[in-house]
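Novice: Right, I'll just put the structure down here and ask away after.
Protein chains: 2
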Amino acid sequence: MTNVAVVGVGLTKFGELWEQSLRDIAVKAALAALADAKVNNDIVQSLYVGNMSAGRFIGQEHLGALIGDSLGIPNVPAVRCEAACASGSVALRSAYLDIKSGNSDAALVVGVEKMTDLQTDEVVMTLAAAGDQEWEADIGLTFAGLYALMARAHMHKFGTTREQLALVSVNNHSNGKNNPHAQFNMEVSLEDVLNSSLVADPLRLLDCSPITDGAAAVLLVSESLARRFEQPIWILASEQANDAVALHDRKSIVEMLSAKMAAKKAYEKSGLGPNKIDVTEVHDCFSINEIISLEALGFAELGRGGKFVESGAITLTGELPTNTTGGLKANGHPVGATGVRQVCDITKQLRGDSINQINGAKIGINLNVGGSGATAVVNILSNELVV
Amino acid sequence: MTNVAVVGVGLTKFGELWEQSLRDIAVKAALAALADAKVNNDIVQSLYVGNMSAGRFIGQEHLGALIGDSLGIPNVPAVRCEAACASGSVALRSAYLDIKSGNSDAALVVGVEKMTDLQTDEVVMTLAAAGDQEWEADIGLTFAGLYALMARAHMHKFGTTREQLALVSVNNHSNGKNNPHAQFNMEVSLEDVLNSSLVADPLRLLDCSPITDGAAAVLLVSESLARRFEQPIWILASEQANDAVALHDRKSIVEMLSAKMAAKKAYEKSGLGPNKIDVTEVHDCFSINEIISLEALGFAELGRGGKFVESGAITLTGELPTNTTGGLKANGHPVGATGVRQVCDITKQLRGDSINQINGAKIGINLNVGGSGATAVVNILSNELVV
Chain A
4 MTNVAVVGVG
14 LTKFGELWEQ
24 SLRDIAVKAA
34 LAALADAKVN
44 NDIVQSLYVG
54 NMSAGRFIGQ
64 EHLGALIGDS
74 LGIPNVPAVR
84 CEAACASGSV
94 ALRSAYLDIK
104 SGNSDAALVV
114 GVEKMTDLQT
124 DEVVMTLAAA
134 GDQEWEADIG
144 LTFAGLYALM
154 ARAHMHKFGT
164 TREQLALVSV
174 NNHSNGKNNP
184 HAQFNMEVSL
194 EDVLNSSLVA
204 DPLRLLDCSP
214 ITDGAAAVLL
224 VSESLARRFE
234 QPIWILASEQ
244 ANDAVALHDR
254 KSIVEMLSAK
264 MAAKKAYEKS
274 GLGPNKIDVT
284 EVHDCFSINE
294 IISLEALGFA
304 ELGRGGKFVE
314 SGAITLTGEL
324 PTNTTGGLKA
334 NGHPVGATGV
344 RQVCDITKQL
354 RGDSINQING
364 AKIGINLNVG
374 GSGATAVVNI
384 LSNELVV
Chain B
4 MTNVAVVGVG
14 LTKFGELWEQ
24 SLRDIAVKAA
34 LAALADAKVN
44 NDIVQSLYVG
54 NMSAGRFIGQ
64 EHLGALIGDS
74 LGIPNVPAVR
84 CEAACASGSV
94 ALRSAYLDIK
104 SGNSDAALVV
114 GVEKMTDLQT
124 DEVVMTLAAA
134 GDQEWEADIG
144 LTFAGLYALM
154 ARAHMHKFGT
164 TREQLALVSV
174 NNHSNGKNNP
184 HAQFNMEVSL
194 EDVLNSSLVA
204 DPLRLLDCSP
214 ITDGAAAVLL
224 VSESLARRFE
234 QPIWILASEQ
244 ANDAVALHDR
254 KSIVEMLSAK
264 MAAKKAYEKS
274 GLGPNKIDVT
284 EVHDCFSINE
294 IISLEALGFA
304 ELGRGGKFVE
314 SGAITLTGEL
324 PTNTTGGLKA
334 NGHPVGATGV
344 RQVCDITKQL
354 RGDSINQING
364 AKIGINLNVG
374 GSGATAVVNI
384 LSNELVV
């Protein structure tokens with residue numbers, strides 16, 4: 004099977020984009036990815052769109068066809084893929100498998116979500132549809148509530164502290180302060196986080212990623228086509244694992260077994276281990292999830308994620324620079340776009356043209372999570388095909 | 004790349020299934036497909052769910068994980084695929100490409116839609132999200148309206164008659180009368196159709212497929228695995244083409260260019276032509292679309308589809324038995340399930356265990372359409388790998 008490379012990445016500004024429609028931002032990100040790859044839209048043989056809930060957010064389904072049409076490639080086969088907040092990643096992985104299958108040599112992936120057209124309470128209920136509607140959402144369990152349960156259990160079992168959670172937000176906001184695409188460019192202090200409004204105990208406002216509009220796109224190509232591009236970034240592994248949707252059906256709520264399984268498969272596929280990773284993007288929808296994710300990816304032992312954060316390891320000058328552009332916390336979290344945005348940012352780090360560039364970064368990993376961990380996708384990327 | 008075969012099919016009863024939830028019927032169809040293949044759920048390595056709009060119909064997204072979980076395979080990678088009324092087909096095609104890529108040897112496809120929990124006007128608006136929300140739905144153009152425009156143009160340009168449209172419904176209801184899975188088992192006469200209530204001129208109630216709950220599932224396997232099964236049915240081609248979402252952006256509204264392109268690719272891939280097809284399933288969401296589809300698949304020349312129907316060619320004893328189990332008209336049209344249901348029914352015809360069995364049927368084709376033709380998927384199946 005052919006290898007697959009990322010040869011173009013594109014992002015819109017993330018934020019409250021009231022003056023732009025979903026199709027506006029999707030096309031903007033797609034065109035940016037094509038421009039980044041220095042190609043026209045006629046290269047695209049397949050289109051995959053990651054989107055969680057445009058049907059509810061803006062009353063539009065059938066986004067594959069809509070975005071292909073708006074992009075001037077109406078006849079290209081297009082599919083919208085959904086797995087809640089991992090929708091972008093399952094779209095990307097579908098494109099990756101499409102190229103591996105020999106069906107296409109070039110596949111465009113667009114992750115997009117337009118969330119701010121609804122009132123906040125309606126957004127919260129729409130997002131709750133990523134959990135188990137009948138057994139979680141209907142009894143009032145929102146996503147802040149679900150992750151708060153995980154946080155409290157992690158604190159109870161492992162002694163993870165409120166301050167360690169807050170340091171996740173401090174790091175990610177610090178990394179996002181010079182990111183022109185990020186929703187928020189302000190830094191936050193430990194005290195800011197600890198004194199912000201309580202959302203779902205122990206999680207406070209500054210532990211939570213925001214509600215965001217935004218789009219991200221990547222152009223994937225086969226190995227034979229990749230040779231024509233200046234600086235292809237290779238996908239050494241793209242692996243997914245799932246788990247029960249409802250938190251109460253999981254074997255454990257202090258770790259994320261789906262992410263652990265996806266990471267294990269990705270390390271096996273690539274022949275690499277956590278010690279080979281130079282830069283990482285993890286799913287900090289809530290601060291606790293960055294800690295749980297760092298453990299799932301094998302960077303810290305189970306229960307030691309908080310201490311790992313506290314040690315400064317995740318900062319730009321630490322041993323494992325994490326969420327170097329601001330994470331979901333500062334970038335914002337347009338749910339269908341996030342997994343694709345992570346791959347855009349890892350790609351730029353590996354090419355050497357990122358903000359907050361990590362010198363000599365060669366191998367990167369990202370983890371994108373759907374729901375409270377029912378879906379997890381892990382990609383390992385490298386600037387060389389043979390590592 | 005490996006070849007891919009269908010080795011199990013499963014259907015629920017289609018209809019108003021108020022006493023069953025989406026997950027109930029999805030699991031029921033999936034278990035039926037596994038039982039049909041005489042295997043357990045542990046064979047499944049990938050899960051693809053076709054669903055258009057559960058977010059709006061029942062307030063639940065993340066259906067891949069939910070259905071995997073409910074089926075007892077919570078860790079299997081699962082993706083929900085959407086392309087409006089072709090959602091089932093893009094899920095099936097994604098599973099096909101997944102196996103071709105070498106990622107899986109066995110992939111389960113579940114198409115499902117639970118539509119009747121909403122009021123009819125809300126269903127109509129939810130379905131309108133398959134069209135261009137900003138340019139069609141917002142000005143009141145429903146799907147009956149869109150297909151009525153196509154019907155009127157076809158009648159005006161080619162002399163297609165009101166009676167020819169009605170004969171589509173007469174044929175499909177006649178075929179569905181002994182189908183235990185169909186929503187409707189009643190036959191309708193030409194007069195019944197012509198005298199039914201006007202919905203969108205020239206389309207009447209009995210020209211329209213109904214609002215339906217239902218699920219369909221198929222188990223796909225690689226060639227090496229298929230050899231272990233008694234009667235694999237081979238997918239010789241699974242091809243998709245798209246077109247502009249809004250009807251007014253198409254080059255023509257009297258033909259469906261997406262379907263024509265998908266069919267052309269499928270014939271090329273399989274090395275077969277329309278003259279080799281023994282049995283067909285087409286997308287009769289409205290009677291006009293069966294006529295347009297028969298033309299797109301090359302069974303009748305452009306503009307001659309009405310006469311082809313009138314000739315009796317599509318009946319069970321005609322030259323091209325079409326929608327032999329009742330089509331969307333009698334089966335009902337749970338939108339995310341329909342494309343998968345078509346492949347279930349073609350598979351049974353090619354195995355020789357269908358209702359209304361066409362003796363000696365060896366090669367079948369199906370066409371599933373999303374929206375008013377923005378997405379079209381064509382599969383060619385055969386009971387032999389080398390034809």
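Chains as they are written, first to last, in our numbering: chain A, 4 to 390; chain B, 4 to 390. C-beta: ideal position from N, C-alpha, C; glycine also.
(1) List the residues of chain B that D72(A) touches, going by C-beta distances under 9 Å, in chain order.
(2) Could you check the C-alpha separation between E313(B) and G301(B) for me, to the nearest Å?
(3) Following the continuous alpha helix (DSSP H) through S261(B), name the residue where it begins and the one where it ends.
(4) Going residue by residue through the segment 342-376 of chain A, where are the continuous alpha helix (DSSP H) segments of at least 4 residues, counting only ones entirely within it?
(5) Under a Cβ-count criterion, where at least 16 other Cβ atoms within 10 Å of its own Cβ denotes burial, should I76(A) be classed as buried or exposed?
(6) So what does DSSP say about R26(B), is it helix, strand or coil?
(7) Which of the three DSSP states is assigned to V127(A) in this structure?
(8) Classify E190(B) as helix, strand or coil using the three-state DSSP reduction.
(9) Relative to the C-alpha of E271(B), which residue among I383(B), E304(B) and L209(B) is closest?
(10) Give me the chain A residues within the contact set of R59(B), using Cβ-Cβ distance strictly less than 7 Å, ordered along the chain.
(11) Could you give the distance in angstroms between the alpha-carbon of G363(A) and the alpha-carbon of G373(A)?
(12) Given a threshold of 16 other Cβ atoms within 10 Å of its Cβ, counted over all protein chains shown, does W21(A) qualify as buried or as exposed?
(13) Could you tell me the boundaries of the alpha helix (DSSP H) in which A151(B) lies?
(14) Quick check: the Cα distance between L305(A) and V257(A), rounded to an integer number of angstroms?
(15) According to DSSP, is G114(B) part of a helix, a strand, or is it coil?
(16) My output table needs one value for V173(B): the three-state DSSP class, helix, strand or coil.
(17) Taking one C-beta from the segment 79-93 of chain B and one from the segment 81-90 of chain A each time, how about it: are there three or more such pairs within less than 8 Å?
(18) Starting from the Cα of P388(B), find the closest Cα among D204(B), E226(B) and V127(B) and give me that residue.
(19) If you draw a straight line from the alpha carbon of N174(B) to that of N188(B), how long is it in whole angstroms?
(20) Which residue from G367(A), G321(A), A340(A) and G329(A) puts its Cα closest to that of S273(A)?
(21) Would you verify that the beta carbon of G105(B) is, or is not, closer than 7 Å to some beta carbon of chain A?
(22) Is the Cβ of A391(A) closer than 7 Å to any Cβ of chain B?
(23) Is the Cβ of N78(A) closer than 7 Å to any Cβ of chain B?
(24) Can you list, in chain order, the residues of its chain whose CB lies under 8 Å from that of D141(B), leaving out five sequence neighbours each side?
(25) Could you tell me which whole beta strand (DSSP E) segments of length 3 or greater appear in the segment 270-333 of chain B?
(26) So that I know if they touch, is there some Cβ in chain B lying closer than 7 Å to that of Q63(A)?
(27) Within 8 Å, do at least three Cβ pairs link the segment 327-338 of chain A to the segment 283-292 of chain A?
(28) Taking a Cβ distance cut-off of 8 Å, strictly less, list which residues of the segment 79-92 of chain A are near chain B, in chain order.
(29) Beta-carbon of S255(A) versus every beta-carbon of chain B: anything under 7 Å?
(30) Can you give me, in chain order, the residues of the segment 343-374 of chain B that have a beta carbon less than 7 Å from any beta carbon in chain A?
(31) Whose C-beta lies closer than 6 Å to the C-beta of V30(A) among residues of the same chain, with five residues either side of it excluded?
(32) Cβ closer than 8 Å: which chain B residues qualify as neighbours of D195(A)?
(33) How is G18(A) classed by DSSP in three states: helix, strand or coil?
(34) Whose CA, out of I214(A), D101(A) and R96(A), lies closest to the CA of R96(B)?
(35) Which word fits L201(A), buried or exposed, when buried means at least 16 other C-beta atoms lie within 10 angstroms of its C-beta?
(36) Which class does I383(A) belong to by DSSP, given the choice of helix, strand or coil?
Specialist: In short, the structure shows the following:
(1) D135, N245, D246, A247, V248, A249, D252 and A377
(2) 17 Å
(3) L260 to S273
(4) none
(5) buried
(6) helix
(7) helix
(8) coil
(9) I383(B)
(10) G58 and R59
(11) 31 Å
(12) exposed
(13) F146 to F161
(14) 9 Å
(15) strand
(16) helix
(17) yes
(18) This sequence places Leu at residue 388(B); Pro is not what is there. Closest option to L388(B), Cα to Cα, is E226(B).
(19) 12 Å
(20) G367(A)
(21) yes
(22) It is not possible to answer for residue 391(A), since the shown part of chain A is limited to 4 through 390.
(23) yes
(24) none
(25) 282-284
(26) yes
(27) yes
(28) V79, P80, A81, V82, R83, C84, E85, A86 and A87
(29) no
(30) G373 and G374
(31) S73 and L74
(32) Under the 8 Å cutoff, chain B gives no residues; its nearest Cβ is about 33 Å from D195(A).
(33) strand
(34) D101(A)
(35) exposed
(36) strand
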